[in-house]
Amino acid sequence: MSQTHTPDPITIDAARAISTNLPEGDLSIAGVATPLPPTVTEMLRQILSALAAGEPVVIITPETILTPNEAAEFLGVSRGFVTKLMDEGTLPYHHVGTHRRIPGAAAAIYKSRQTAVAKAAMDELVRISEEMGDYANPPPLPPKSAFKNSSGRDT
331 MSQTHTPDPI
341 TIDAARAIST
351 NLPEGDLSIA
361 GVATPLPPTV
371 TEMLRQILSA
381 LAAGEPVVII
391 TPETILTPNE
401 AAEFLGVSRG
411 FVTKLMDEGT
421 LPYHHVGTHR
431 RIPGAAAAIY
441 KSRQTAVAKA
451 AMDELVRISE
461 EMGDYANPPP
471 LPPKSAFKNS
481 SGRDT
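In terms of this note's numbering, the sequence shown opens at residue 331 and continues consecutively.
Now the structure itself:
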């Protein structure tokens, strides 16, 4: 099962209010105190944080099977790129008739790995900039007069 939830303005406001008041331990739902394990509390905080920021939330269970289009949307890439990943064996898939389907868990693992790679690359760039002394003191911006629009006039 895969569900994408894109928050509307009411949901965004509600998520902000709830996330700031989410208790540790028990949660009261319809007047009934329900104990929450720490991992569930953390998952709820992450979901509420994303919704409060207006970001879509995707829930993927182990049984989730994605079409290439759904996988592309989940990964934030084009369908053609997903096809390339399947063709080169990076993203596992199976056939349902003549159609390719991707296990949701495989897409989630790929996304997690790519996020880690991107974070490591960014951390390395920051480290190099700090070593060069460029990170804390970025170069000054040129004066506004240096920018011209397409007609050659100042912006």
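Positions of the beta carbon are idealized from the N, C-alpha and C atoms, including for glycine.
Taking only three categories from DSSP, how would you classify L396?
Annotated three-state conformation of L396 is strand, per DSSP.
D356 - partner residues in DSSP beta bridges:
P365
Below 8 Å, can you find three or more Cβ-Cβ pairs linking the region 435 to 449 to the region 468 to 476?
no
Bridge partners of T330, per DSSP?
Residue 330 is absent from the structure shown; the chain starts at 331 and stops at 485.
For P326, does the three-state DSSP call read helix, strand or coil?
Outside the shown range of the chain, which is 331 to 485, sits residue 326, and nothing can be said about it.
V407 (DSSP reduced to helix, strand or coil):
coil
Selected residue, minimal CA-CA separation from A402, among L421, E385, P392
L421
Roughly how many angstroms separate the alpha carbons of T371 and R346, rounded to a whole number?
15 Å
Just to confirm, are I342 and G384 a CB contact at a threshold of 8 Å?
The answer is yes: Cβ separation under 8 Å.
Applying the 10 Å Cβ sphere with the 16-neighbour rule, what's the burial state of A446?
Counting every other CB atom within 10 Å of its CB across the protein chains shown gives A446 a total below 16, marking it as exposed.
For I439, the residue or residues it bridges with in DSSP
I439 is not bridged to any residue.
Residue range of the beta strand (DSSP E) that includes P433
Per DSSP, P433 belongs to the beta strand (DSSP E) from 429 to 433.
Using CA atoms only, rank isn't needed, just tell me which of D417, I389, S459 is closest to P398.
Per the C-alpha coordinates, the member of D417, I389, S459 positioned closest to P398 is D417.
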